[in-house]
Each structure stands twice: as structure tokens, then as C-alpha cells.
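Read the structure below first, then the notes.
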Amino acid sequence: MSGGPPKALPSTGPQSLRDMPHPLAGSSSEEAVGGDSTPSPDLLTARSFGDKDLILPNGGTPAGTASPASSSSLLNRLQLDDDVDGETRDLFVTVDDPKKHVCTMETYITYRITTKSTRVEFDLPEYSVRRRYQDFDWLRNKLEESQPTHLIPPLPEKFVVKGVVDRFSEEFVETRRKALDKFLKRITDHPVLSFNEHFNVFLTAKDLNAHKKQGMALLTRVGESVKHVAGGYKLRSRPLEFAAIGEYLDTFALKLGTIDRIAQRIIKEEIEYLVELREYGPVYSTWSALEGELAEPLEGVSACIGSCSAALEELTDDTTEDFLPVLREYILYSDSMKSVLKKRDHVQAEYEAKLEAVALRKEERPKVPADVEKCQDRMECFNADLKADMERWQNNKRQDFRQLLMGMADKNIQYYEKCLMAWESIIPLLQEKQEDK
Amino acid sequence: MTESNFSLKKIEISVSEAEKRTGRNAMNMQETYTAYLIETRSVEHSDGQSVLTDSLWRRCSAFEWLRNYLLVYYPHVVVPPLPEKRAEFVWHKLSADNMDPDFVERRRIGLENFLLRLASHPILCRDKIFYLFLTQEGNWKETVNETGFQLKADSRLKALNATFRVKNPDKRFIELKHYSDELQSVISHLLRVRARVADRLYGVYKVHGNYGRVFSEWSAIEKEMGDGLQSAGHHMDVYASSIDDILEDEEHYADQLKEYLFYAEALRAVCRKHELMQYDLEMAAQDLASKKQQCEELATGGELFSIWGVTTQLFGQETPEQREARIKMLEEQIKEGEQQLKSKNLEGREFVKNAWADIERFKEQKNHDLKEALISYAVMQISMCKKGIQVWTNAKECFSKM
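First to last, the protein sequences are chains Z and B.
Quick note: the first sequence uses the numbering used here, first residue 1, plus one each step.
Quick note: the second sequence uses the numbering used here, first residue 1001, plus one each step.
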């Protein structure tokens, strides 16, 4: 490893997170880890983000040690730091350079993933790998498995819905690339997900397939336990705040669906308008050929209509390529969020059931048995993670939609400005006095 | 106002009102028609004030009679056309109903325009029947009938598709007829497509109105985003409703094009008239030539082989007296024929001269009017673009506050 952080570290190279002492554990004898092991606010700077002692194992706490509350408060504090501008970032990921690969069995597209980071989880400061959609799908599944208490961003749709779209067309590939880029950036921005081992492997491994085969099972304790929660427990009632989130997501997805339909309808009408304009403009040209003095003015009008047609085509293309995909992404997002909510419900249901069972046993116990406490842990962790992610999601959503809708307005303004320019430019031509031909 | 100092140049004509009426027609059946109020004002030199001199109601058919009369008496003039009776080239929102108030209103404007065209035509403005149309309330129809214009009308002019083999037409008229056919075809096509364009544009704008509703509903579940969404939605509603006025204005442009579509017909009528005159001339010349030939044959004793000669052979010889009589008759007919040919020739040349003068006048008017129409169309488009920019800029601002 070339050039690690200045502090003396016990080892080089990637380490299994299990070997690392938990920052919230009792005082560590491994001073080499770098000073205080208790996270004081001073240390919670972005620089120390890279320090091992502040890296949380993926979202959970070792059983029987620090209380769950501190992990969530730590999360909150980390989140706040995240909101500081990009200068404090230490991980940058980009998706670009799509290439078509033609093999005997299949043809597919790969994208270049470029990673730049000063985090210690990365051996090198920079990585460049090639991935295909399948690999993104794998990553997402792994994240869902290993971080079930968190909201995982959606991927663009796997299969092409409308039959006639060419999945190797420039427009389709570009739309997909943008969505995949967005996907990775959302993970990058997440204080917990960005440190996920699968994510790291995805960004760095030369041969991802080899890793896939190994089947890395780095699940957190919470992850593991959530995975094994049987669905047999029925939840009595969702706590108010989660019920509110559920209702919100339902209405939100509904409204987005309506907007999607409206946008599609607008595109359809605009295309039909375009078809007529394409016939309309040339008729002025035909007429111009009959005339003498009017020939130039008529030809000018024909050209004008042609310019407006071109501008309109750009507008419809932009709406299809930039506006619709983002809407659909958010619909997928809310769908996956609703299933996380359901998982949370199951965890709570299990806890409540076990608690009830204990109460019914009517045993005089000084304290709640360990397994019920584990359940409570799980539930409270889940709730905390979800709340934090929900808040982050709301902020991002607001920014994303502000940008999306402003973009839509902008495209329309540009369309009208192009048309305006065309028509204003022929006024002098129309007003010109001409010699009779 | 007496006829002698009648100068329509100092007159203001307006078709100020349109009224639906019911009455009984010639077959004593009840019918509904529209009557139009024509007001004539004379403009005083000194102070530019106008005084109402005449005011009467005329129904559509009266306008048609006037025009038909002018077509007969001024065949060398490109007679201004009447506006359409039925709404054609409509886009779906416009009613095709002739009783629709918008249509009646546009018709009123069209009829006013027709009268103004007549009043500004150097020849037509002096016509007595036109003057009476504006001033004589009762019995105007009878007066027109008395001119006998219907009898004078050449029915062949109406047979548009009949072809006459004309050997030596004036090339310019042939070209002009060709031009008027092409003009008719291209303007029809233009109006048809424009109507479809209007339809589609209407659709685009109206669908945006749905954004208004959904943004409003969405804003209800949002905290910080709510206000921005709500107010942006309002702008989408404004956008959607703006198309009604825009398309109404465009109808005026369509009407200007329609006038010239119908003018093409008037142009063709003049070419047709020339064609017919030329045809009659050539027929008369041909007839004269054959009569001359007959005469010659008779005079030379029928040695030349001819149908005439064969006939006499079939029916027996005729007496010299009979032959003399026939020659004399022919000579008279030839004399008459020569006179007629001379006058027809003269007529023909006069017609060509006068018609071409009016055609030149018409060309200038057409170029001027259509240029103006194109300019006003461009101005309409500019206004539409500016409105669009305004609305979307407002919406963008609302979004930025989300």
C-alpha cells in the first residue's frame, strides 16, 4: 500500500471489519488506532471520517455493549456532517463511458466506474473498473440483504417497458448511465451505506464475478437477525410516525404516477403537433415557388416553422430522456421504502410478541430476558436508522424535485426562446420592399 | 347625397350588426336567416366628422345578387369575393354551425370587408347598383332584375370544367389561369393543415392544465415544498387557458388567407372570360372563312370538290337563279360576319387591355395584403412565445422556492 494516513496503523491492506474494535466499546488498548476512542465532537470532523476509530461497522452494535441510542445519535451527528458541502467529501464516484461488448452468447453494455477516495478502506486513491447492469443489480441486492434497516436507492428499470425502444440506442444508454450514476452517488452520500463492503468491492475489484462466486457474507448482526425474522408475527399497530410515513409514501407514489401519465400525454400531443408542423412548413415553400414578390417572405415563414419544429423535437426528447426517468426512479424508490417499512413492522411485531409471551409467563424476573432485549435492540436500531434515512430522503427528494421541475421549466423556456428568435428574425424580411420579379 | 357628386372615397361603410331573423321564403316555408345592418357615413372635409347618411338591412342573398350582377357587367374585373357561407377548414373547437355567434361575427366582418373592397375599387365603386345597394331600402332586388343581368350572364362561365379548344389565347391569361389553379390548391392545403396544427396545439396546452390539479393535490402532503408546488400549479392553469385567445386571434389570419383563396376563383373567372371571348372570335373567324369558301365554290361553278358540290349532285342541279340567290345571301352573311369579327376583335383587345390593367392592380393588392397577413401572423407567434416564456419563468420561480 502506498501512502497511508500519517497515523501509525496496526495493519495495511483491507481488513475484515470484525477485527476492528468498536469505537463505542470500552477504552481500547490499541492507541495506534489514533487517539481517543470515544467520539468527541472535535473528532467528528470529516477528516476523522477517514479514521478507523470513527468508522462504524455496518450500522449495528455488538450485542451486550453500548446502548443502541448512542449509535443512532452518532449517526445523526455524522449525517449533519454529511450535509456540509462537497469540500469535506472524501469519496467521489462517477459512471461514464458506456461501451458495447459483442460476444458470441450475448451483447451488452459496460460502464466505467471511476472512484477517487482518501478513505482508508481503499488501498489506492483511485480506481477505474468496468461494470454492467447485472453488476449493479447484484450490488443492490447485496445492500438490501446486508443493510435491511436502511433505504437503498432504486436502480433504473431492468427491462425495457415499451417494446420499440432500442436498448443499444444512444439515448437509452445515456438515460441509463445517468440513472446508474445517480444510484452510486446516493450510496456514496449515505454515511452508512458508503462504507458497506460490497460497495467497496463493487468499486474496486478487478474481477467482480470471482467475488460474486465467493458469496461474501459480511452481514451485520442486525442484518443477520432481521433477515431471519419470521413473518409469522402480526403487528398490532404501526407507531404514529411510521404510519404517517407509510401514508405519505402511498399518496406520494400516486401523485408521481399521475404526473408521469400527464408528462407522457404531453409528449404524445407534442409529437402529434410536430407531425403537423412538419407538413405545414413546406406548404409555404410550395406557395413561395408560385410567387414573385411574395416568394422570399413565404420562404422565410417556411424556414421559421422549420426552426420551431426542430426546437419542439428537442423539447420532447429532453422530457423523455431527463424528466420521465427521474419520476419513475422516485416511484421505485417509494415502493422499496414501503417494503422496508414492512420489514420494520415485522421486527416490532416479533418484539411485541416475545414481550407479551414473557408477561404471560408471569414469572417474577428481575429483568427482561436477553433474547427479548435483543429484539428491542433490533427494533430500536431499525427505527433509528429508518428515521434518519427518511429525513435524509426527504431532503434529497426536495432538492431532486426542485432541480427536476426547474429543469422542466427551463427546457420549456428555451423552446419558446428559440421560436421567438426565429419569428423575430423574419419580421424585417417580411417588411422589406422588394422589386417585382 | 345625389348620384352626381357621389364619390365613395369620402364614404365610410360599415356592416355594424348581424341579426337572426325568421320569415317566409318564396315557397311560403319558414326559414331562419341572418340580416346585416349596413351603415353609410359621409365624411365632411372640413372637420373629418362623419354623418350617418344611410342605414338599411340586407340579408346574405342580397350580397350574392350584387356580386353576380357585378360579375356579369364587369367581366374584365377581378371581382372581390364574398366570405364563406359555411364554416370550412374548422379545427375541432370551432363550431361548424352557421348560426354560431363566432361564425356570424366573422361573417359580418367578411361582408364589411367585401363592401370596402368594392368601395375602393376604381371601377366598381362607381356602379349605380352598388350605390343603390347601400342606399335603396326597398325594391332593390327588382331594380337589379330590371337590368336583365341574369339573361346577359354567359352560362358557359359557370361550366368550370368544360374545355374550349382555343387556338390562340393570350399566353398571359393561360399562365394566370394556371397560377390561380395552383394558388387555390396551395391555400386550401395550407388552411387544412393549419386547422390540424391548431387542433394539436390546443391539445398540448390543455393537457398542461392537469399539472395544475395534481400539483395542488401533491402540495397538500408536503411541508416545505407545498407552497412552491401550489403556486406553480396555478401558472400551469394560466398556461392551459391562454390557448383559447391565441387560437381565436389566429382565425383572423385564416380569414385573410381564405379571402385570397376565393379571389383565386375570381381571377380564374376573368381568364375564363378571355378564353370564351377568344373561342367565340375563333369560331366566328372559322365560320366566316368557311362561308367565304362556300361563296367561292358557288361562284366558280362547283368544279372544286366539296360537300356542297356533292350535295347538289345528289339532289340534282339547281338553276342559275337559285345559285345567284345563294351567292347573294352568302355575300351578305360574309359582310355581316366581317363586321362582327371586326367588333369581336376590338372587343377582345379591349377586354385584354382592361382585364390586364385590373389584374396588375389586383397583383399589387394581393402582394400588399398577404405580406401584411404574414407580418401579423409572425407578430401573433411572437406574442405567443413571449406569453409562454412568461408563464414558464413564473413557474420556474415557484419551483425554485420549493
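Note that beta-carbon positions come from the ideal geometry of N, C-alpha and C, so glycine has one too.
Between the region 1354-1362 of chain B and the region 1210-1219 of chain B there are fewer than three C-beta pairs closer than 8 angstroms, too few to call the two in contact.
Just so you know, the alpha carbons of residue 414 of chain Z and residue 1183 of chain B end up roughly 36 angstroms apart. For residue 258 of chain Z, the C-beta contacts it makes with chain B under 9 angstroms involve 1210, 1213, 1214, 1217 and 1218, in order along the chain. Proximity of residue 1385 of chain B to chain Z, defined by a Cβ-Cβ separation below 7 angstroms, is satisfied. Contact between the region 408-426 of chain Z and the region 1370-1390 of chain B is present: three or more C-beta pairs spanning the two stretches fall below 8 angstroms. For residue 1368 of chain B, not one C-beta of chain Z is nearer than 7 angstroms to its own C-beta. In the three-state reduction of the DSSP assignment, residue 117 of chain Z falls in the strand class. Annotation: the region 292-330 of chain Z contains the following complete segments of the alpha helix (DSSP H) (minimum length 4 residues), in chain order: 295-318.
Between the alpha carbons of residue 1192 of chain B and residue 1200 of chain B lies a distance of about 13 angstroms. Cβ proximity to chain Z below 8 angstroms picks out 1232 from the region 1229-1259 of chain B. For the region 1178-1211 of chain B, the set of positions with a beta-carbon nearer than 7 angstroms to some beta-carbon of chain Z reads 1179, 1182, 1183, 1186, 1189, 1190, 1193, 1194, 1196, 1197, 1200, 1201, 1203, 1204, 1207, 1208, 1210 and 1211 in chain order.
Here residue 1028 of chain B is exposed: its Cβ has fewer than 16 other Cβ atoms, across all protein chains shown, within 10 Å.
The alpha-carbon of residue 1397 of chain B is positioned some 8 angstroms away from that of residue 406 of chain Z. For residue 101 of chain Z, the enclosing beta strand (DSSP E) has its first and last residue at 91-102. Within the model, the alpha-carbon separation for residue 1059 of chain B versus residue 1106 of chain B is close to 15 angstroms. When the beta-carbon positions are compared, residue 204 of chain Z and residue 270 of chain Z stay at least 7 angstroms from each other. Partner residues in the beta bridge of residue 1012 of chain B, as assigned by DSSP, are B:1041. Proximity of the region 1251-1267 of chain B to the region 1321-1338 of chain B falls short of the contact definition, fewer than three beta-carbon pairs being nearer than 8 angstroms.
Contacts between residue 1399 of chain B and chain Z, judged by CB atoms closer than 7 angstroms, involve 402, 405, 406 and 409 in chain order. Taken through DSSP and simplified to helix, strand or coil, residue 262 of chain Z comes out as helix. For residue 1140 of chain B, the enclosing alpha helix (DSSP H) begins and ends at 1140-1146.
The three-state secondary structure of residue 251 of chain Z, taken from DSSP, is helix.
For residue 1087 of chain B, the closest C-alpha among the options B:1079, B:1080, B:1077 and B:1102 is that of B:1102. In the structure shown, residue 109 of chain Z falls within a strand segment according to DSSP collapsed to helix, strand and coil.
Collapsing the DSSP output to three states places residue 290 of chain Z in coil. In the DSSP assignment, residue 126 of chain Z falls outside any alpha helix (DSSP H) and lies within the beta strand (DSSP E) extending over 126-132. Assignment of beta-bridge partners to residue 1058 of chain B by DSSP yields B:1036.
By the Cβ rule, the region 1335-1343 of chain B counts as touching the region 1281-1290 of chain B, because three or more pairs are nearer than 8 angstroms.
In this structure, residue 1204 of chain B keeps its C-beta atom at 7 angstroms or more from the C-beta atom of residue 258 of chain Z.
Residue contact check for residue 287 of chain Z against chain B: a CB pair falls below 7 angstroms. With respect to chain B, the C-beta atom of residue 391 of chain Z has no partner C-beta closer than 7 angstroms. Judged by beta-carbon spacing, residue 1378 of chain B lies beyond the 7 angstroms limit of residue 393 of chain Z, meaning their Cβ atoms are not closer than that value. For residue 425 of chain Z, the enclosing alpha helix (DSSP H) covers residues 370-431. Note that the region 176-196 of chain Z does not touch the region 99-107 of chain Z; fewer than 3 beta-carbon pairs, one per stretch, sit closer than 8 angstroms.
Nearest CB-CB separation between residue 1221 of chain B and chain Z: below the 7 angstroms threshold.
For residue 1276 of chain B, no chain Z residue has a Cβ inside 9 angstroms of its Cβ, as the nearest lies near 25 angstroms away.
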